[in-house]
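A quick write-up on the structure given underneath.
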Amino acid sequence: MPDVSVLDVLLYEEPIGTLTLVQGSRTLFAFNQSYIDDPERPVLSLSFKDQFGQLLTDIPTTQTTVPPFFSNLLPEGPLRDYLARQAGVNPKREFFLLWMLGRDLPGAITIRPADGEAWPPGLDKGTDEERQTRQRNVLRFSLAGIQLKFSAVKNGGKNGGLAIPVEGVGGSWIIKLPSERYTGVPENEFSMMTLAGRLGMDVPDLELLDLDSIDGLPAGISQLTGPALAVRRFDRSQAGPVHIEDFAQVFGIWPDDKYKRASARNIANVVGGEAGDAAAAEFIRRLVFNTLIGNADMHVKNWSLIYRDRRTATLAPAYDFLSTIPYIPDELAAIKYARTKRMSELSFDELSYLAAKARLPEKLVLDTAAETVERFQEAWAEGKKDLPLATNVVQAVETHMAGLELLNDRA
Numbered sequence: 000m001p002d003v004s005v006l007d008v009l010l011y012e013e014p015i016g017t018l019t020l021v022q023g024s025r026t027l028f029a030f031n032q033s034y035i036d037d038p039e040r041p042v043l044s045l046s047f048k049d050q051f052g053q054l055l056t057d058i059p060t061t062q063t064t065v066p067p068f069f070s071n072l073l074p075e076g077p078l079r080d081y082l083a084r085q086a087g088v089n090p091k092r093e094f095f096l097l098w099m100l101g102r103d104l105p106g107a108i109t110i111r112p113a114d115g116e117a118w119p120p121g122l123d124k125g126t127d128e129e130r131q132t133r134q135r136n137v138l139r140f141s142l143a144g145i146q147l148k149f150s151a152v153k154n155g156g157k158n159g160g161l162a163i164p165v166e167g168v169g170g171s172w173i174i175k176l177p178s179e180r181y182t183g184v185p186e187n188e189f190s191m192m193t194l195a196g197r198l199g200m201d202v203p204d205l206e207l208l209d210l211d212s213i214d215g216l217p218a219g220i221s222q223l224t225g226p227a228l229a230v231r232r233f234d235r236s237q238a239g240p241v242h243i244e245d246f247a248q249v250f251g252i253w254p255d256d257k258y259k260r261a262s263a264r265n266i267a268n269v270v271g272g273e274a275g276d277a278a279a280a281e282f283i284r285r286l287v288f289n290t291l292i293g294n295a296d297m298h299v300k301n302w303s304l305i306y307r308d309r310r311t312a313t314l315a316p317a318y319d320f321l322s323t324i325p326y327i328p329d330e331l332a333a334i335k336y337a338r339t340k341r342m343s344e345l346s347f348d349e350l351s352y353l354a355a356k357a358r359l360p361e362k363l364v365l366d367t368a369a370e371t372v373e374r375f376q377e378a379w380a381e382g383k384k385d386l387p388l389a390t391n392v393v394q395a396v397e398t399h400m401a402g403l404e405l406l407n408d409r410a
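Residue 0 is where the sequence shown starts when you use numbering that gives the first Met the number 0, and the numbers rise one by one after that.
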């Protein structure tokens, strides 16, 4: 293996920097001078801005891993382990995982080897055809996160379903498969996302699909039971990719710290400061909603910013809304609100404290929360009847709601 390997980092297909692996373990990220000098440069991440809004160019090197912004582009947990086995890469060697997965990452970023090599040096075992097959299989799973999911395109055949591209690149939909462990997860998420949309939240298009209406699924997937959930990617448009970053990237924290290193107050502070009162109200609406349904997994990677004009951040559409308490009866939220992590303790007093610490208008926060509670109760009364929610999910949510201060502590 050579002492130095270089990956080009592109934003909207324009080179903006390089990732360099030195002596097989140390990774350096540097912006290109042309990007540094461009006063109209598109934003890569708020984590690369200083307190005055200027571009940070002195970026610490990392050992084995890549810098946090790039680490958060990669899949996590068992999905990462699976991909690493497919590619013949150590799952901890993130530089080489980016090498393999860089063609279809979240947002408008792509990563490719500077010298044009398709396969990392030292990993080129087998014939050309075998290597190409392995890379195609890896690319099909290149979306960040833990859940088994694919990028897909609309399919004119198969009853108007979806197809997973052979190359794994270019899909404008995400397919989320049924869980082997928990029953009805796609139906749960579809229902909660639909309910959020009924309350006026910004929710992408989504639909439930039979597995047999999806072309290109790997062997063995058909053994899963229940429908898959298809969600339109909001980081893709007819004009091309749209840049996004999750709040682990915003805060410059590692994926493993997504439950530890930030709070809802921290997110609210950024959303209000960068995107204004309307986005802050949307954030509060979603925070209250996910507390009401009992979603204990709204960690920092489940909140994102989107750059529709390439330079201005606003809150990205909602995603990963589902009630977790039917599966894991945990009353602790994924991250602290402001002073507490207990969903039962999210009160109007806690929201008032959050508003003060996040520098948001108190009236905006409290009025939005009160309106969300009222509208949720009306929407839930109908939704539990007409949405594909299992009886145990409805029962778990209603038991959970009975203990919430939000419903017993009107401002």
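Note that beta-carbon positions come from the ideal geometry of N, C-alpha and C, so glycine has one too.
These figures come from a predicted structure and were not determined experimentally.
| Check | Outcome |
| --- | --- |
| Can you tell me the Cβ-Cβ gap for E278 and T313, rounded? I've got them flagged as a contact below 8 Å. | What sits at residue 278 in the sequence shown is Ala, not Glu. So it is a contact: roughly 5 Å between Cβ atoms. |
| Which residue marks the beginning of the beta strand (DSSP E) containing S303, and which one marks its end? | S303 to Y306 |
| Just grab the DSSP bridge partners of G16 for me. | V8 and F30 |
| If you check the beta carbons only, do P59 and P66 fall under 9 Å apart? | yes |
| State the beta-bridge partners of I174 as determined by DSSP. | F149 and A229 |
| Which two residues bound the contiguous alpha helix (DSSP H) that contains V108? | The displayed chain sequence assigns Ile, not Val, to residue 108. Unbroken run through I108 is the beta strand (DSSP E), I108 to P112; no alpha helix (DSSP H). |
| How many whole angstroms separate the CB atoms of L9 and E188, which I take to be in contact at a CB cut-off of 8 Å? | Actually they are not in contact, since the Cβ atoms of L9 and E188 sit about 32 Å apart, beyond 8 Å. |
| Starting from H399, trace the alpha helix (DSSP H) both ways and give me its first and last residue. | T390 to M400 |
| Less than 9 Å separating the beta-carbons of D201 and P105? | no |
| Where does the unbroken alpha helix (DSSP H) through D348 begin, and where does it stop? | F347 to A357 |
| The alpha helix (DSSP H) that contains D245, what's its start and end? | Segment H242 to D245 is the beta strand (DSSP E) holding D245; no alpha helix (DSSP H) there. |
| Leaving aside the five residues before and after D296 along the sequence, list all residues of the same chain whose C-beta is less than 6 Å from its C-beta, in chain order. | T323 and A333 |
| In angstroms, rounded to a whole number, what distance separates the CA positions of D408 and S346? | 7 Å |
| State the CB to CB distance for the pair L205 and L228, rounded to an integer number of angstroms; the pair is presumed to be in contact (CB under 8 Å). | 6 Å |
| Rounded to a whole number of angstroms, what is the C-alpha to C-alpha distance between Y34 and E93? | 24 Å |
| Which residue's Cα is closest to the Cα of P203: I173, D211 and E179? | I173 |
| Does the segment 349-367 come close enough to the segment 258-268 to have 3 or more Cβ pairs within less than 8 Å? | yes |
| Buried or exposed: where does F51 fall if 16 or more other Cβ atoms within 10 Å of its Cβ makes it buried? | exposed |
| Assuming E206 is part of the beta strand (DSSP E), what are its boundary residues? | L205 to L208 |
| Using only CA atoms, which one of A195, L198, P240 and P226 lies nearest to L210? | P226 |
| Which of the three DSSP states, helix, strand or coil, is assigned to G272? | helix |
| Classify N407 as helix, strand or coil using the three-state DSSP reduction. | coil |
| Excluding the 5 residues flanking I108 on each side, which residues of the same chain have their C-beta closer than 6 Å to its C-beta? | L10 |
| Can you tell me which residues form a DSSP beta bridge with L55? | The partner list for L55 (beta bridge, DSSP) is empty, contrary to what the question assumes. |
| Could you compute how far the alpha carbon of E273 sits from the alpha carbon of T311? | 8 Å |
| On a CA-only basis, which of I110, P325, Y318 and V270 is nearest R180? Give me that one, please. | P325 |
| Residues in the same chain with beta-carbon distance under 6 Å from S351, minus the five sequence neighbours each way, listed in chain order, please. | E361 |
| Just how far apart, CA to CA, sit I145 and L208? | Only weak support is given to the placement of I145: the predicted model assigns it a pLDDT of 45, under 50, and the value that follows is read from those uncertain coordinates. In a straight line, the C-alpha of I145 is about 21 Å away from that of L208. |
| Which residue's Cα is closest to the Cα of L365: R284, D114 and M400? | R284 |
| Please classify M244: is it buried, with 16 or more other beta-carbons within 10 angstroms of its beta-carbon, or exposed? | Strictly speaking, residue 244 in this sequence is Glu, with Met absent from that position. E244 comes out buried. |
| Quick check: L54 and F30, are their CB atoms within less than 9 Å of each other? | yes |
| Using only the alpha-carbon positions, how far apart do L386 and S190 sit? | 6 Å |
| So what's T63 in DSSP terms, helix, strand or just coil? | coil |
| Less than 8 Å between the CB atoms is what I'm expecting for L97 and F68, so what's the real figure, rounded? | Not really, about 11 Å apart at Cβ, beyond 8 Å. |
| Ignore the nearest five residues each way along the sequence and tell me which others in S303's own chain have a CB closer than 6 Å to its CB. | I243, D245 and A315 |
| If you scan the segment 280-332 from start to end, which runs of the beta strand (DSSP E) of 3 or more residues do you find wholly inside it? | 303-306 |
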